[in-house]
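Q: Same order as they appear, the protein sequences are chains L and H.
Residue numbers for the first sequence, in full-length UniProt numbering: 1 to 376.
Residue numbers for the second sequence, in full-length UniProt numbering: 1 to 313.
Just passing along the structure, written as structure tokens.
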Amino acid sequence: MWIRVYAIFIKELKQLSRDRMTFGMIIMIPLVQLMLFGYAINTDARHIPVGLVDLSQTAESRAVEQALVATQSVDFIARYRSIKEAEVAITQGEIRAALYLPSDMTRRLFNHPLYDHKQLDSALTLPIGQWIVDGSDTVIASTIRALRNMPLDEVANHTATRTAPSFEVVQYFNPEQRTVVNIVPGLVAVILTMTMILFTSAAIVREHEHGNMEFLITTPVRSMELMIGKIAPYVLVGLLQVAIILSVGHWMFSVPIQGSFLSLLGGSILFIFASLTLGLVLSTIAKTQLQATQMTIFILLPSILLSGFMFPYDAMPVAAQWIAEALPVTHFMRMIRAIALRDASLLLLGKDALWLGLFTIGGIIIASLRFKKKLG
Amino acid sequence: MTSNNSEQIEYAIEAKGLSKRFGENIAVNKLDLKIPKGSIYGFLGPNGCGKSTSIRLLTGLLEASEGDVTILGKPLQGHEESLKTRIGYMTQKFSLYDNLTVRENLDFVGAIYGFAGKRKKARIEELLALYDLEKQTKQFAGSMSGGQKQRLALACATLHSPELLFLDEPTSAVDPENRREFWERLFDLCAAGTTILVSTHYMDEAERCHALAIMEEGNKRADGSPQALMESMSATVVEVSGNKLRQLKQTLTDHPDILSAAQIGAHLRVLVKKKVHDPLLFISELSNGRESILARPSLEDVFVTCTGERYVD
Ligand SMILES: Nc1ncnc2c1ncn2[C@@H]1O[C@H](COP(=O)(O)OP(=O)(O)OP(=O)(O)O)[C@@H](O)[C@H]1O
Ligand SMILES: [Mg+2]
Chain L
1 MWIRVYAIFI KELKQLSRDR MTFGMIIMIP LVQLMLFGYA INTDARHIPV
51 GLVDLSQTAE SRAVEQALVA TQSVDFIARY RSIKEAEVAI TQGEIRAALY
101 LPSDMTRRLF NHPLYDHKQL DSALTLPIGQ WIVDGSDTVI ASTIRALRNM
151 PLDEVANHTA TRTAPSFEVV QYFNPEQRTV VNIVPGLVAV ILTMTMILFT
201 SAAIVREHEH GNMEFLITTP VRSMELMIGK IAPYVLVGLL QVAIILSVGH
251 WMFSVPIQGS FLSLLGGSIL FIFASLTLGL VLSTIAKTQL QATQMTIFIL
301 LPSILLSGFM FPYDAMPVAA QWIAEALPVT HFMRMIRAIA LRDASLLLLG
351 KDALWLGLFT IGGIIIASLR FKKKLG
Chain H
1 MTSNNSEQIE YAIEAKGLSK RFGENIAVNK LDLKIPKGSI YGFLGPNGCG
51 KSTSIRLLTG LLEASEGDVT ILGKPLQGHE ESLKTRIGYM TQKFSLYDNL
101 TVRENLDFVG AIYGFAGKRK KARIEELLAL YDLEKQTKQF AGSMSGGQKQ
151 RLALACATLH SPELLFLDEP TSAVDPENRR EFWERLFDLC AAGTTILVST
201 HYMDEAERCH ALAIMEEGNK RADGSPQALM ESMSATVVEV SGNKLRQLKQ
251 TLTDHPDILS AAQIGAHLRV LVKKKVHDPL LFISELSNGR ESILARPSLE
301 DVFVTCTGER YVD
């Protein structure tokens, strides 16, 4: 049995190494994705272009503006004479939000209960200004919303009365709150899902399309041998990609790699096997390479959106969580982030590891059963 | 079937009522076969007559719609896998790996058949020498000529010395010189005890077989040895010479007792139904006394009489 598995393994490896395009993609996909996600994707919005409608025109109103600019959350790129003009600009997309400071802003500021000790009990609390926000983008909206309670004590020349927050927050593992720290290990999961499934989903189909299968099935080769021999080379490919993403992420984006090498290796291998067998199962369903690619994308989209890569798993509705649980990538997403960022050991993540292992075994069995040594 | 009725004959292939339908379309219709061990058997027929489909049914690649097949004494159904080490199959379309070299392909196939180490190396060297591929060992299979590919394919199909070899149009991309050479190899294999089933649409190849089946639209129209087929032909061959043969051909073909008339050089080769008692007289009446002689039937004549619209039982 192992002679045949080894022969198929060597054959696949040779074919892969001679396919320059595919070989290039193995290296380029992780690099390009890493650059894109590392630099471009940032969920903490900064420098949002906003407008200002300042009807007060006082030293205080300018101080408020400067205090806002100092947060780096917003950039005032335009000024408008009325709310109407600002609304038009928001509709046109020139600015994402506008700050309206009324003509009596200074009085409102000094009468504000936060800064005026005498009026502490006053029921008459007027806000000092109003934000009009393009609420369609929730990230932008929540960034602006976060400005609601911005302290203005310097502007008001008073220390605010309420200084002690209810909770103290200590941020473990990613104290500077850089998105990239969470993105890079997640990217390992997404890229492996993509390349592993894509390569193997075409594996069986290609033999059919090139006519090799007709010969192969008249030989004594067994389904299981073919399946194992076909996916084995891609384990190496997957490990190479993990190494590229983590090392480049470490050097270029200073993503800390806390976990042990063995846990990282073990977790990656488990996930690579699970993805490869998923690809193989697809390969036994697809009739053409195009169909195989379509099925890969069908799996890939929920893998990116539901795995916790883009949005926190815990924030998803229960039904979505079920779907996510069925995908190997969700389990690996948890594992790789835990291992890489929080130095969790593989044993600590036993449930996820076990699930990936069972998925692989189930997948291999299904693929072997589905693959009939028949034509048509 | 064949005229040989001796009890001792062992058959490599026996098929009864073998049929294959693709939806409405019947690719193979109630095929009966008995192919004795150690012989070369041919499937002769035009494109789409079901040669490849029959071979795929006999190798267990396709599931038959109906019928029973016995291969090397074992029912095919249920023994597909164990039979795979005893049969070899050379597909119509090149089915080895274009981006592997000749040696790598042989290495791969060798390992698949369980050869390893010295034994594999020795067998591969033997095949490289036998099929004249020694200079091409490092060449990619995809870049080889049609004839070289076909020799490589035969080498791979025979690597494990199968008892039964299926060849599906093995010489379609091969020049006549290499075709002769190729058939020499087949007779060598046959002499060593291999039973060979070969499909073709070349008459000269069919004539080299010990026995053959003429197929048309999924039906077996006739079978037997080339000699027997020619002798038992349901028509007489008459060769007419003279001038204005084109017009004559037209009048002759329209006659119900004439199966076909085809111009061959300066002659018209006419197939007259057996029921016409004096074909020479019959033809000279029809052709205004042109000179005509009786000719020896060829396999092509057999083919023409048993296929086409004029096919008669
Ligand atoms: N997988 C299939 N699905 C549907 N029809 C098929 C299939 N395979 C073969 N056929 C049909 O069965 C018939 C016989 O095909 P087959 O390939 O056996 O012909 P052939 O004798 O080998 O022809 P050729 O000389 O061109 O190779 C054809 O009409 C073909 O269209
Ligand atoms: Mg064919």
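We treat Cβ as the ideally placed atom computed from N, Cα and C, and that holds for glycine.
1. Which residue from H:E291, H:S232, H:N47 and H:P279 puts its Cα closest to that of L245 of chain H?
2. Based on DSSP bridge pairs, tell me the residues matched to G42 of chain H.
3. CB of Q92 of chain H to nearest heavy atom of ligand 2: below 8 Å?
4. In chain L, which residues lie less than 8 Å from K220 of chain H when you measure between Cβ atoms?
5. Please decide whether T236 of chain H counts as near chain L, where near means a Cβ-Cβ distance under 9 Å.
6. With a cut-off of 9 Å, does the C-beta of C156 of chain H fall near any C-beta of chain L?
7. Would you mind giving the Cβ-Cβ distance between S73 of chain L and P102 of chain L, rounded to the nearest angstrom? I have them listed as a contact below 8 Å.
8. Within 8 Å, do at least three Cβ pairs link the segment 93–101 of chain L to the segment 128–146 of chain L?
9. Does any C-beta atom of chain L lie closer than 9 Å to the C-beta of L96 of chain H?
10. Give a single yes or no on whether S52 of chain H has its beta carbon closer than 8 Å to a heavy atom of ligand 2.
11. Is the CB of A64 of chain H under 9 Å away from at least one CB in chain L?
12. For G249 of chain L, go through chain H and note every residue whose CB falls closer than 8 Å to its CB, in chain order.
13. Is the shortest distance between the beta-carbon of G350 of chain L and the beta-carbons of chain H less than 9 Å?
14. If you draw a straight line from the alpha carbon of residue 452 of chain L to that of W183 of chain H, how long is it in whole angstroms?
15. Could you name the residues of the same chain whose beta carbon sits closer than 7 Å to that of S6 of chain H, not counting the 5 residues immediately before and after it, in chain order?
16. With a cut-off of 9 Å, does the C-beta of K287 of chain L fall near any C-beta of chain H?
17. If you run the structure through DSSP and keep just helix, strand and coil, what is T85 of chain H?
18. Going by other Cβ atoms of all chains shown within 10 Å of its Cβ, with 16 needed for buried, is E207 of chain L buried or exposed?
19. Measure the alpha-carbon distance for R81 of chain L versus V88 of chain L and round it to whole angstroms.
20. Just how far apart, CA to CA, sit N149 of chain L and I128 of chain L?
21. Going along chain L in order, which residues have a C-beta closer than 7 Å to the C-beta of R56 of chain H?
22. Mind listing which residues of the segment 109–122 of chain H have their C-beta closer than 9 Å to chain L's C-betas, in chain order?
23. Check whether the Cβ atoms of S287 of chain H and L252 of chain H lie closer than 9 Å to each other.
24. Flag this pair as touching only if the segment 33–49 of chain H and the segment 190–202 of chain H have three or more C-beta atom pairs under 8 Å; answer yes or no.
25. Within 10 angstroms of the Cβ of T307 of chain H, are there 16 or more other Cβ atoms? Answer buried if so, exposed if not.
26. Would the beta-carbon of I217 of chain L fall within 9 Å of that of K11 of chain L?
27. Can you tell which of H:G110, H:S54 and H:A129 has its C-alpha closest to the C-alpha of R21 of chain H?
28. Under 8 Å between beta-carbons, which chain L residues line up against K84 of chain H? List them in chain order, please.
29. Name, going along the chain, the residues of the segment 246–280 of chain H whose beta-carbon falls closer than 8 Å to a beta-carbon of chain L.
30. Could you tell me which of H:D254, H:L248 and H:H255 sits nearest to A266 of chain H, measuring between CA atoms?
31. Comparing the C-beta of T70 of chain H with each C-beta of chain L, is any distance below 9 Å?
32. Since A15 of chain H and L44 of chain H are thought to touch, with beta carbons under 8 Å apart, how far apart are those beta carbons, to the nearest angstrom?
33. CA-CA distance, V304 of chain H and I71 of chain H?
34. Give the residues of chain H in contact with residue 394 of chain L, contact being defined as C-beta atoms less than 8 Å apart.
35. Enumerated in chain order, which unbroken segments of the beta strand (DSSP E) with a length of 3 residues or greater are wholly contained in the segment 132–214 of chain H?
36. Check the Cβ-Cβ distances between G88 of chain H and every residue of chain L, and say whether any is below 9 Å.
A: Straight from the coordinates:
1. Against the second sequence, residue 245 of chain H aligns to sequence position 245. Ranking H:E291, H:S232, H:N47 and H:P279 by Cα distance to L245 of chain H puts H:E291 first.
2. Against the second sequence, residue 42 of chain H aligns to sequence position 42. G42 of chain H is bridged to H:V198 and H:L212.
3. What you label residue 92 of chain H is simply residue 92 of the second sequence in a count that begins at 1. Q92 of chain H Cβ: within cutoff of ligand 2.
4. Here residue 220 of chain H refers to the residue found at position 220 of the second sequence. Correct list: empty, because the minimum Cβ distance to chain L is about 22 Å.
5. Taking the first residue of the second sequence as 1, we reach residue 236 of chain H at position 236. Not closer than 9 Å to any Cβ of chain L, the Cβ of T236 of chain H fails to qualify, so no.
6. For the purposes of this step, residue 156 of chain H is identified with residue 156 of the second sequence, where counting begins at 1. Chain L, which has a Cβ nearer than 9 Å to the Cβ of C156 of chain H, makes this yes.
7. Locating residue 73 of chain L in the first sequence gives position 73, where the first residue counts as 1. Locating residue 102 of chain L in the first sequence gives position 102, where the first residue counts as 1. The pair is not a contact, with the Cβ atoms about 22 Å apart (cut-off 8 Å).
8. yes
9. Mapped onto the second sequence, residue 96 of chain H falls at position 96. With 9 Å as the cut-off, L96 of chain H counts as an interface residue toward chain L.
10. Walking along the second sequence from the start, residue 52 of chain H turns up at place 52. Correct: S52 of chain H has its Cβ closer than 8 Å to ligand 2.
11. Looking up residue 64 of chain H in the second sequence gives position 64. Closer than 9 Å to the CB of A64 of chain H there is not a single CB belonging to chain L.
12. Within the first sequence, the letter at position 249 stands for residue 249 of chain L. Residues of chain H passing the Cβ test: none, with the nearest at roughly 34 Å.
13. Locating residue 350 of chain L in the first sequence gives position 350, where the first residue counts as 1. No, G350 of chain L does not count as interfacial toward chain H.
14. This structure cannot speak to residue 452 of chain L, because chain L is shown only from 1 to 376.
15. Here residue 6 of chain H is taken as the residue at index 6 of the second sequence, counted from 1. Low confidence applies to S6 of chain H: its pLDDT is 49, below 50, so where it sits in the model is not reliable enough to give any reading.
16. Taking the first sequence and counting its residues from 1, one reaches residue 287 of chain L at position 287. No, no contact with chain H.
17. Against the second sequence, residue 85 of chain H aligns to sequence position 85. The answer is coil: DSSP assigns T85 of chain H none of H, G, I, E or B.
18. As a working note, residue 207 of chain L is residue 207 in the first sequence. Its Cβ being crowded by 16 or more others within 10 Å, E207 of chain L is buried.
19. For the purposes of this step, residue 81 of chain L is taken as residue 81 along the first sequence, with counting starting at 1. For the purposes of this step, residue 88 of chain L is taken as residue 88 along the first sequence, with counting starting at 1. Each residue's alpha carbon lies about 12 Å from the other.
20. Mapped onto the first sequence, residue 149 of chain L falls at position 149. Mapped onto the first sequence, residue 128 of chain L falls at position 128. N149 of chain L and I128 of chain L: Cα-Cα distance of roughly 11 Å.
21. Within the second sequence, numbered from 1, the residue matching residue 56 of chain H stands at position 56. Those are L375, listed as they occur along chain L.
22. V109, G110, A111, I112, Y113, G114, F115 and A116
23. Here residue 287 of chain H corresponds to residue number 287 of the second sequence, with the count starting at 1. Here residue 252 of chain H corresponds to residue number 252 of the second sequence, with the count starting at 1. Yes, these two residues count as a Cβ contact at 9 Å.
24. yes
25. Position 307 of the second sequence, counted from the start, is the residue given in the question as residue 307 of chain H. So T307 of chain H ends up on the buried side.
26. In the first sequence, counting from the first residue as 1, residue 217 of chain L sits at position 217. In the first sequence, counting from the first residue as 1, residue 11 of chain L sits at position 11. Taking 9 Å as the Cβ cut-off, I217 of chain L and K11 of chain L do not qualify as a contacting pair.
27. What you label residue 21 of chain H is simply residue 21 of the second sequence in a count that begins at 1. It is H:S54.
28. Numbered from 1 along the second sequence, position 84 holds the residue referred to as residue 84 of chain H. T218, T219 and P220, listed in chain order.
29. Cβ contacts with chain L come from no residue of the segment 246–280 of chain H.
30. Residue numbering aside, residue 266 of chain H sits at position 266 when the second sequence is read from its first letter. The candidate whose alpha carbon is nearest that of A266 of chain H is H:L248.
31. For this step, residue 70 of chain H is matched to residue 70 along the second sequence. Not one chain L Cβ lies under 9 Å of T70 of chain H.
32. The residue labelled residue 15 of chain H in the question sits at position 15 within the second sequence. The residue labelled residue 44 of chain H in the question sits at position 44 within the second sequence. Contact flag wrong, Cβ pair sits at about 17 Å.
33. Sequence index remark: in the second sequence, residue 304 of chain H carries index 304 (1-based). Sequence index remark: in the second sequence, residue 71 of chain H carries index 71 (1-based). Roughly 31 Å separates the two Cα atoms.
34. Given that chain L is displayed from residue 1 to residue 376, the structure contains no residue 394 of chain L and the question cannot be resolved.
35. 164–168 and 195–200
36. Here residue 88 of chain H refers to the residue found at position 88 of the second sequence. Yes, contact with chain L.
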